[in-house]
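Read the sequence shown against our numbering and you will find it ends at 700, with the numbers running on by one and no gaps. Even for Gly, the Cβ is constructed at its ideal location relative to N, Cα and C.
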Amino acid sequence: MRLTTLIICVLLLSFFNLQAQHGGSSEHEVGEDHHCLFKKNSISLGAGASYSFHFNGIGVNTRVYYNMGEHICFGPEFSFFKEGELDVYDINLIAHYIFETKLVGIYPLFGANYTIEKDPHESEEAFGAVFGGGLHRNFGSFTVFAEYGHVQSRLKDDFVTVGAMFTIK
532 MRLTTLIICV
542 LLLSFFNLQA
552 QHGGSSEHEV
562 GEDHHCLFKK
572 NSISLGAGAS
582 YSFHFNGIGV
592 NTRVYYNMGE
602 HICFGPEFSF
612 FKEGELDVYD
622 INLIAHYIFE
632 TKLVGIYPLF
642 GANYTIEKDP
652 HESEEAFGAV
662 FGGGLHRNFG
672 SFTVFAEYGH
682 VQSRLKDDFV
692 TVGAMFTIK
């Protein structure tokens, strides 16, 4: 919980700092070479590795985002973890609002979560909410990212995910 509070505080401070520097929002056209914003109506496909604090294990994460505007994107994510005989499927519908800094894009993330935990003898599933924050850097159409997410449901968990995305028009 302390990590969640720390991340939220850092994101809020970054937001207020960015608002002071940029006067709220930018009205420029974003090209494919922008360091942290995405071209309007583009799609980003990504994959990465996720670490689950609950299972103390590494899984895989895939995502597809629709970049609705330069600062706003949303889409589904899927993560899979295997711990012994236990399989964990984590399905999220996520939204981001990207705040521009000189080096990276910083974003809070929030959305809906559906988790399934299965082993040979039983299965549990739960709906919940997911929230957290992250940062990314674009290199042309290629993006690297790192983020923290907390799932609040009957099947709680915390994740750190690092990966890469490719943006298409």
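*Between which two residues does the beta strand (DSSP E) carrying residue 676 extend?*
Bounds of the beta strand (DSSP E) holding residue 676 are 673-683.
*Is it true that the segment 668-676 meets the segment 641-658, where meeting means three or more beta-carbon pairs spaced less than 8 Å apart?*
Contact between the segment 668-676 and the segment 641-658 is absent, because fewer than three Cβ pairs lie under 8 Å.
*Nearest CA to the CA of residue 639: which residue from 618, 606, 679?*
Of the listed residues, the one whose Cα sits closest to residue 639 is 679.
*Are the CB atoms of residue 622 and residue 645 nearer to each other than 9 Å?*
Cβ atoms of residue 622 and residue 645: closer than 9 Å.
_Three-state secondary structure assigned by DSSP to residue 624_ = The answer is strand: DSSP assigns residue 624 an E or B state.
_Just verifying my parser: in three-state terms, what is the DSSP assignment at residue 604?_
In this structure, residue 604 counts as strand in the three-state DSSP scheme.
*By Cβ distance, which residues of its chain are closer than 6 Å to residue 594, with the 5 residues on each side in sequence left out?*
Closer than 6 Å at Cβ, skipping near neighbours: 577, 608.
*Near the ligand HEM: residue 575 beta-carbon under 8 Å from a heavy atom*: No copy of the ligand HEM occurs in the structure displayed, which carries no ligand at all.
_Buried versus exposed, by CB contacts within 10 Å (16 or more), residue 592_ = By the neighbour-count criterion, in which 16 or more other beta carbons inside 10 Å mark a residue as buried, residue 592 falls on the buried side.
*In whole angstroms, what separates the C-alpha of residue 641 from that of residue 661?*
Annotation: residue 641 to residue 661 spans about 5 Å, alpha carbon to alpha carbon.
*Figure out for me which residue from 628, 635, 676, 615 has the closest Cα to the Cα of residue 734.*
Residue 734 is absent from the model: the chain starts at 532 and stops at 700.
*Cβ-based burial, residue 568 [other Cβ within 10 Å; buried from 16]*: When all chains shown are included, residue 568 counts as buried.
*With 16 other CB atoms within 10 Å as the buried threshold, where does residue 648 fall?*
Residue burial annotation: residue 648 is buried, with at least 16 other C-beta atoms found within 10 angstroms of its C-beta.
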